[in-house]
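The structure appears right after this line, and notes come after that.
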Amino acid sequence: MRARGGWGLGIVLATALAAAPGRAAEEAKQPGVEPAKAVEPAEDPPYDAAGRRDPFRPLHGEGGAEQGEARTPLQRYDVGQLRLVAVIYDTREPRAVVEDDQGLGYIVRIGTPVGSNGGQVSAIERSRVVVQEDAVDYYGEHRPNEVTMELRKAASTAERTGERGKR
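This is how it looks when you write it as structure tokens:
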């Protein structure tokens, strides 16, 4: 009895599958019914990047890139990532040495471009360097922002006195 049920079900399935393509052909022959066709455009329009921002560049610090200026190594860092190492202030043209996170030192003067926000060194004093940046606030207004880099001599003095005390 099982064999008959299995054969009967197989015959019903085979008949239904064989009739399915015939139904699609009959429906296509009916008036007003058309099969869906894939339509491809004849030619894709070329992509024009003129006047558009590069999506892979960060939004901040674009000032030099838009104007076509070459960026110096100091302009690739934020001012907070640089460390003031030395200051030569008692001369006609004061200078300072700043160091990046890899330990490379750079000599800066008044007017040297520093930082990714279009900053410039505005003052070099005895133990600090003042950088004037162009900051954009929440409303899109440009405002000057002063960032001060200070020489860290208090920590080095404490380390030296601690070392002398141990000997």
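Just so you know, we're using this note's numbering here: the sequence shown kicks off at 8 and counts up by one.
The beta-carbon is built from N, C-alpha and C at its ideal position, and this holds for glycine as well.
All figures in this text were calculated on a predicted structure; none of them were measured in a lab.
Do residue j and residue i have their beta-carbon atoms positioned less than 9 Å apart in this structure?
{"i": "Tyr113", "j": "Pro80", "result": "yes"}
{"i": "Asn124", "j": "Ala103", "result": "no"}
{"i": "Pro151", "j": "Ile131", "result": "no"}
{"i": "Glu153", "j": "Glu140", "result": "yes"}
With DSSP run on the structure shown, which of helix, strand or coil describes residue i?
{"i": "Ile117", "result": "coil"}
{"i": "Gly58", "result": "coil"}
{"i": "Arg99", "result": "coil"}
{"i": "Val86", "result": "helix"}
{"i": "Pro151", "result": "strand"}
{"i": "Leu91", "result": "strand"}
Excluding five sequence neighbours on each side, which residues of the same chain lie with their C-beta closer than 8 Å to the C-beta of residue i?
{"i": "Val105", "result": "Leu81, Leu89, Arg90, Leu91, Val92, Gly112, Tyr113, Val115, Val121, Val136, Met156"}
{"i": "Asp144", "result": "Arg150"}
By Cβ distance, which residues of its chain are closer than 7 Å to residue i, with the 5 residues on each side in sequence left out?
{"i": "Pro52", "result": "none"}
{"i": "Leu158", "result": "Leu91, Val94, Ser134, Arg135"}
{"i": "Gly118", "result": "Gln127, Val128"}
Between residue i and residue j, how many whole angstroms is the CB-CB distance? I'm expecting something under 8 Å.
{"i": "Val86", "j": "Arg133", "result": "That belief does not hold up - the Cβ atoms of Val86 and Arg133 are roughly 19 Å apart, past 8 Å."}
{"i": "Asp107", "j": "Tyr84", "result": "6 Å"}
Any Cβ of chain B within less than 9 Å of the Cβ of residue i?
{"i": "Ala57", "result": "Looking for chain B here will not work: only one protein chain is present."}
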